[in-house]
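A quick write-up on the structure given underneath.
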Amino acid sequence: MGNQVIKYGFMFIGLILIQVLILNHIQFSGYVNPYIYLLFVLLLPLSTPRYVVLLLAFLIGLTVDIFSNSLGIHSFATVFAAFFRPYVIRLITNREEDKSDYPGLKQNKFQWFISYVSIMVLIHHIVLFYIEIFTFANFLLTFTRTFFSSLFSIFVIVLSQYIVFRD
Amino acid sequence: MRSLIRYLINNFTFLLFILLEVVSLVFIFNYNKYHKVQFLNSSNWVTASVYNSFQSVVQYFELAKVNKSLADENARLKSFIQSDLLLQHTDSILAELNQEDSTYRYIPAAIINNSVNKSNNYITLNKGRKDGVKPDQGIVSPMGIVGVVTSVSESYAVGFSVLNKRWGPSGKLKNSGYFGPVEWDGSDYQMADFKEIPFHVQLTVGDTIVTSGYSTFFPEGITIGTIYSFSQPEGESFYKIRIKLAVDFKSIHYVSAIENTEKEEIKELENLLEDGESSN
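Each protein sequence line maps, in turn, to chains A and B. Position one of the first sequence corresponds to residue 1 (this note's numbering), numbered consecutively onward. Position one of the second sequence corresponds to residue 1001 (this note's numbering), numbered consecutively onward.
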């Protein structure tokens, strides 16, 4: 338990730093802003009580908000995605399968992990980009931004599973 | 009553979800109230020191660029000194330089965090209250206008950059003096819109737009940008003008905050007028 707290503590700090120092400054053709701090919420053990997941999601969202002067936007999107996490997991998991408690890439089938990450990142990014713009005018433009940013975020998150966060 | 309590317990997660989302929405909608709260933006000590230490490492990679911009600025000032214009007005300029209590005081600062890809972009400066930086001071670079300070802590400050939908400077045409607001539409970090210029004004592509000096944030005549294109939309009485911003927001590193030493006096006078109007 103590080990877990330390591990997730480091993950929290590491993801925040990568997000605000590097990824927030990435911009390809004005479209792509990857947000990978959601990985923290994704990798919480499946047995974590739901209210803890929600509170932690709010905390990491608010921290990113404070760093990027966008109070409320990231916390809204992250809590939203965190609330739907159990439903997404139920949707893509076969009942017969023996489920590992840790939703990482190594502990699960590649296909399962990709579906899990893709659905969660899409939920998070759609909410995030539309809340940020706060209008459905330019619906297509925002949708393109969401789509390409999601692709990039999913790619970075999957890649990270081969480099860090392996267990 | 008991069933209500049972309902609350059963749906505890859902209620917590709603609560957290409502808190976030309150933050989003009341942004103006909270952006002055120092610990909720990047001028707070923890956030700013993270940016500052990261910047102190990566700034070495930018030194060549910074050097070049300083050399350019130097060259510009040197050619200004040698121009005939200056020779004719030497006396008045010297007199102005000698005035110790000039209206505007410049506080040099380095940018430690900056973005161009959000719909509201901010800059974090490494100077704060102890260096004399206060909210509502303008931020300029040698190339032109950059933004305005909104929140300060002891040693750091955060401000809107021009690339922000929540704030835009007031500009005017340098040659004819017609003025209007400059607004950023959130798409291209090099472009902005210049509004409220009536059709009878003569425009050419490349005309310079400078600060009007009608707000207390900026002195008159700081470059904002140049006209990139303009058109006369039918059924309207104002031009649609796109301007190319003078500052390249992706490559600015050193700026100055401008303190208007007479701001208090101007504000007092304006308040006096407003009070008088409302009581009549």
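The beta-carbon is built from N, C-alpha and C at its ideal position, and this holds for glycine as well.
Between the Cα of Leu222/A and those of Asn33/A, Ser68/A, Gly9/A, spot the shortest distance and give me the residue it belongs to.
-> Residue 222/A lies beyond the range of chain A shown here (1 to 167); nothing can be said about it.
Buried or exposed for Glu1100/B, please, with buried defined as at least 16 other CB atoms from any protein chain shown within 10 angstroms of its CB.
-> Reading the second sequence from its first residue, position 100 is the one you call residue 1100/B. Any reading at Glu1100/B is ruled out, since the residue's pLDDT is 49, under 50, leaving its predicted position unreliable.
Taking 8 Å as the CB-CB limit, is Leu21/A close to chain B?
-> Within the first sequence, the letter at position 21 stands for residue 21/A. Closer than 8 Å to some Cβ of chain B, the Cβ of Leu21/A qualifies, so yes.
Exposure of Ala81/A, with buried meaning 16 or more beta-carbon neighbours within 10 Å | Along the first sequence, read from residue 1 onward, the residue named residue 81/A stands at position 81. Counting Cβ neighbours within 10 Å, Ala81/A comes out buried, since at least 16 surround it.
Out of Leu46/A, Ser47/A, Gln19/A, point me to the one whose CA is closest to Val156/A's CA.
-> For the purposes of this step, residue 156/A is taken as the residue at position 156 of the first sequence. If we check each option's Cα against that of Val156/A, Gln19/A comes out closest.
Whole-Å CB distance - Ala1109/B paired with Lys1130/B, under 8 Å assumed | The residue labelled residue 1109/B in the question sits at position 109 within the second sequence. The residue labelled residue 1130/B in the question sits at position 130 within the second sequence. Going by Cβ atoms, the distance from Ala1109/B to Lys1130/B rounds to 12 Å, so no, they are not a contact pair.
Can you name, in chain order, every residue of its own chain whose Cβ lies under 8 Å from the Cβ of Ser149/A, other than the five neighbours on each side?
-> For the purposes of this step, residue 149/A is identified with residue 149 of the first sequence, where counting begins at 1. Correct list, in chain order: Tyr31, Val32, Asn33, Pro34, Tyr35, His125, Phe129.
Using alpha carbons as the reference points, say which of Val1066/B, Pro1169/B, Gly1186/B lies closest to Ser1215/B.
-> Start at 1 with the first residue of the second sequence, and residue 1215/B comes out as number 215. When only C-alpha atoms are compared, the closest one is Pro1169/B.
Closer than 8 Å, Cβ to any Cβ of chain B: which residues of the segment 68-79 of chain A, in chain order?
-> Ser68, Asn69, Ser70, Leu71, Gly72, Ile73, Ser75, Phe76, Val79
Would you mind telling me which residues of chain A sit closer than 7 Å to Ser1025/B, beta carbon to beta carbon, in chain order?
-> As a position in the second sequence, residue 1025/B is number 25, starting the count at 1. Sequence inspection shows Leu at residue 1025/B; the Ser mentioned does not correspond to that position. By Cβ distance, chain A contributes Gly72, Phe76.
Minimum Cβ-Cβ distance from Ile1028/B to chain A less than 8 Å = Against the second sequence, residue 1028/B aligns to sequence position 28. Yes, contact with chain A.
Looking at the C-beta of Ser1115/B, does it have a partner C-beta in chain D at a distance below 8 Å?
-> Here the protein chains are A and B, and chain D is not one of them.
If we count the other Cβ atoms within 10 Å of its Cβ and call it buried at 16 or more, is His1200/B buried or exposed?
-> For the purposes of this step, residue 1200/B is identified with residue 200 of the second sequence, where counting begins at 1. Result: exposed.
Per-residue DSSP class, three states only, for Glu1196/B | Within the second sequence, the letter at position 196 stands for residue 1196/B. Three-state result, Glu1196/B: coil.
Contact check, Gly1147/B vs Ile1123/B under 8 Å by CB: the rounded distance?
-> Within the second sequence, numbered from 1, the residue matching residue 1147/B stands at position 147. Within the second sequence, numbered from 1, the residue matching residue 1123/B stands at position 123. With 8 Å as the limit, Gly1147/B and Ile1123/B qualify as a contact, their Cβ atoms being about 6 Å apart.
Residue range of the alpha helix (DSSP H) that Thr1261/B falls in?
-> Within the second sequence, residue 1261/B is the residue found at index 261, counting from 1. First-last for Thr1261/B: undefined, no H or E at that position.
Asn1120/B to Gly1221/B span [Cα, whole Å] | By one-based count along the second sequence, residue 1120/B stands at place 120. By one-based count along the second sequence, residue 1221/B stands at place 221. Distance between the alpha carbons of Asn1120/B and Gly1221/B: 25 Å.
Under 8 Å, do Ile1145/B and Val1158/B count as touching if we go by C-beta distance?
-> On the second sequence, residue 1145/B is found 145 positions in, with the first residue counted as 1. On the second sequence, residue 1158/B is found 158 positions in, with the first residue counted as 1. The answer is no: Cβ separation not under 8 Å.
Starting from Leu91/A, follow the alpha helix (DSSP H) in both directions and report where the run begins and ends.
-> The residue you call residue 91/A lines up with position 91 of the first sequence. Start and end: 73-92.
Is there contact between the segment 1217-1236 of chain B and the segment 1195-1209 of chain B, where contact requires at least three CB pairs shorter than 8 Å?
-> yes
May I have the straight-line CA-CA distance separating Arg1006/B from Tyr51/A, to the nearest angstrom?
-> Stepping through the second sequence from its first residue, residue 1006/B is reached at position 6. Stepping through the first sequence from its first residue, residue 51/A is reached at position 51. Cα to Cα, Arg1006/B sits roughly 17 Å from Tyr51/A.
Quick one: is Val164/A buried, meaning 16 or more other Cβ sit within 10 Å of its Cβ, or exposed?
-> The sequence position of residue 164/A within the first sequence is 164, counting from 1. So Val164/A counts as exposed.
Residues bridged to Pro1114/B by DSSP?
-> Within the second sequence, residue 1114/B is the residue found at index 114, counting from 1. Per the sequence shown, the amino acid found at residue 1114/B is Asn instead of Pro. Paired residues: Ile1123/B.
If you drop the 5 nearest sequence neighbours on each side, which residues of the same chain put their C-beta closer than 6 Å to that of Phe1179/B?
-> Position 179 of the second sequence, counted from the start, is the residue given in the question as residue 1179/B. Excluding residues within five positions, the ones whose Cβ falls inside 6 Å are Lys1172, Ser1212.
Taking the alpha-carbon positions, what's the Phe113/A to Phe40/A distance?
-> The residue you call residue 113/A lines up with position 113 of the first sequence. The residue you call residue 40/A lines up with position 40 of the first sequence. Approximately 14 Å, taken between the alpha carbons.
For the alpha helix (DSSP H) containing Thr5/A, list its first residue and its last residue.
-> Translated into the one-based positions of the first sequence, residue 5/A becomes position 5. In the sequence as displayed, the identity of residue 5/A is Val instead of Thr. Val5/A -> alpha helix (DSSP H) spans 2-17.
Using a Cβ-Cβ cut-off of less than 8 Å, list which residues of the segment 1145-1173 of chain B approach chain A; keep chain order.
-> Val1158
Lys1240/B - partner residues in DSSP beta bridges = The residue you call residue 1240/B lines up with position 240 of the second sequence. Looking at the DSSP assignment, Lys1240/B forms a beta bridge with Ser1231/B.
Top-ranked residue by Cα proximity to Glu1265/B, from Ser1115/B, Glu1021/B, Val1050/B, Thr1103/B | The residue labelled residue 1265/B in the question sits at position 265 within the second sequence. Out of Ser1115/B, Glu1021/B, Val1050/B, Thr1103/B, Thr1103/B has the C-alpha closest to the C-alpha of Glu1265/B.
Asn1260/B versus Tyr1031/B: straight-line alpha-carbon distance, rounded = Counting from one through the second sequence, the residue named residue 1260/B turns up at place 260. Counting from one through the second sequence, the residue named residue 1031/B turns up at place 31. Approximately 26 Å, taken between the alpha carbons.
Straight-line CA distance for Ser1251/B to Asn1114/B?
-> Within the second sequence, the letter at position 251 stands for residue 1251/B. Within the second sequence, the letter at position 114 stands for residue 1114/B. One C-alpha to the other measures close to 10 Å.
Exposed or buried, which one is Pro103/A when buried takes at least 16 other CB atoms within 10 Å?
-> Residue numbering aside, residue 103/A sits at position 103 when the first sequence is read from its first letter. Per the 10 Å Cβ criterion, buried.
Looking only at its own chain, which residues have a Cβ that is under 7 Å from the Cβ of Asp1185/B, when we skip the five neighbours before and after it?
-> For the purposes of this step, residue 1185/B is taken as the residue at position 185 of the second sequence. Once the five neighbours on either side are set aside, the close Cβ partners of Asp1185/B are Asp1193.
Short CB-CB distance (under 8 Å) between Glu1100/B and chain A = Taking the first residue of the second sequence as position 1, residue 1100/B is located at position 100. Confidence at Glu1100/B is low in this model, with a pLDDT of 49, below 50, so its placement is unreliable and the value that follows should be read with caution. Chain A contact via Cβ: absent.
State the DSSP-derived secondary structure class of Tyr1254/B, mapped to helix, strand or coil.
-> To locate residue 1254/B, count along the second sequence from 1; it is residue 254. Of the three classes helix, strand and coil, the one that applies to Tyr1254/B here is strand, per DSSP.
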